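Below is one structure, written out as structure tokens, with a few remarks after it.
Numbering (my numbering), first residue to last: 92 to 292.
Have a look at this one:
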């Protein structure tokens with residue numbers, strides 16, 4: 092089983108309407124740093140993305156941002172990107188997602204929009220196909236992901252998730268409980284980190 096060294100966080104590049112989303116992002120970032128882990132994320136310095144990175148950096152942790160060239164001026168500022176521990180600039184979204192996967196030992200999704208949904212769904216798809224067994228977490232802040240979780244249960248019940256034992260994300264409601272849940276799952280051997288790199292799908 093692989094040790095958890097880094098956590099990938101998917102989340103909105105905007106703050107959302109409820110201040111608790113950004114607050115939760117900052118709290119999660121702080122928790123990642125305090126547990127000696129590295130943040131891998133999409134490089135945005137605004138919204139919830141920026142809050143997570145700020146939380147890590149304010150607690151002395153390491154942040155790796157992975158961002159496509161065309162989003163650099165949309166989701167970030169040059170000055171803010173310069174504050175990250177490491178910045179990886181990719182040609183496109185596909186390369187970004189593969190690099191985020193390769194650099195991460197677990198995945199957390201905070202509230203976000205269509206892009207956030209697409210990212211965690213792809214990771215769940217790869218798990219269903221047996222390409223990895225890294226922990227996946229829905230940070231269900233204020234029940235944000237309840238409709239998504241209901242849809243997953245519906246797909247399972249209707250027979251469209253044939254390897255449902257491989258698609259079993261943790262659901263955690265409080266940001267301070269996310270990192271402990273991941274570390275506990277890893278210690279129990281619920282998920283074995285697969286060192287194999289996902290082939291281009």
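Backbone N, C-alpha and C fix where the C-beta goes; we use that ideal spot for every residue, glycine too.
None of the values given here were measured: they were computed from a predicted structure.
For this session: Take residue 231 and list the residues in its own chain whose beta-carbon comes closer than 8 Å to its own, dropping the five residues that flank it on each side.
Result: Correct list, in chain order: 237, 240, 262, 263, 264.
For this session: Just the C-alpha distance for residue 147 and residue 195, rounded to the nearest angstrom, thanks.
Result: Cα-Cα distance, rounded: 16 Å.
For this session: Rank 94, 102, 95 by C-alpha distance to the C-alpha of residue 235 and give the top, closest one.
Result: Checked all of 94, 102, 95; the closest Cα to residue 235 is 102.
For this session: Could I get the ranges of all uninterrupted alpha helix (DSSP H) runs contained in the stretch 143-216, with 4 residues as the minimum, in chain order?
Result: Every alpha helix (DSSP H) stretch that sits fully inside the stretch 143-216 and reaches 4 residues is listed by chain position as 163-166, 169-172, 184-193.
Exercise. Taking buried to mean at least 16 other C-beta atoms within 10 Å of its own C-beta, is residue 140 buried or exposed?
Worked result: If you draw a 10 Å sphere on the C-beta of residue 140, you find 16 or more other C-beta atoms in it, and that means buried.
Problem set entry | CB contact flag (residue 267, residue 118, <7 Å) | Going by C-beta atoms, residue 267 is nearer than 7 Å to residue 118.
For this session: Taking only the alpha-carbon atoms, compute the straight-line gap between residue 172 and residue 184 and give it to the nearest angstrom.
Result: One C-alpha to the other measures close to 18 Å.
Problem set entry | Member of 274, 120, 279 whose CA lies at the smallest distance from the CA of residue 96 | For residue 96, the nearest C-alpha among the options comes from 274.
For this session: Report the rounded CA-to-CA distance for residue 254 versus residue 278, giving the unit in angstroms.
Result: Approximately 23 Å, taken between the alpha carbons.
Exercise. So, residue 131 versus residue 155, is the Cβ gap smaller than 7 Å?
Worked result: Yes, the pair counts as a contact, with Cβ atoms nearer than the cut-off.
For this session: Tell me whether residue 157 is buried or exposed, calling it buried when 16 or more other Cβ atoms sit within 10 Å of its Cβ.
Result: Residue environment: residue 157 is assigned as buried (16 or more neighbouring CB atoms within 10 Å of its CB, all protein chains considered).
Exercise. Does DSSP classify residue 95 as helix, strand or coil?
Worked result: Correct three-state label for residue 95: coil.
Exercise. In the structure shown, what three-state DSSP assignment does residue 44 receive?
Worked result: Absent from the model: residue 44. The displayed extent of the chain is 92 to 292, so no value can be given.
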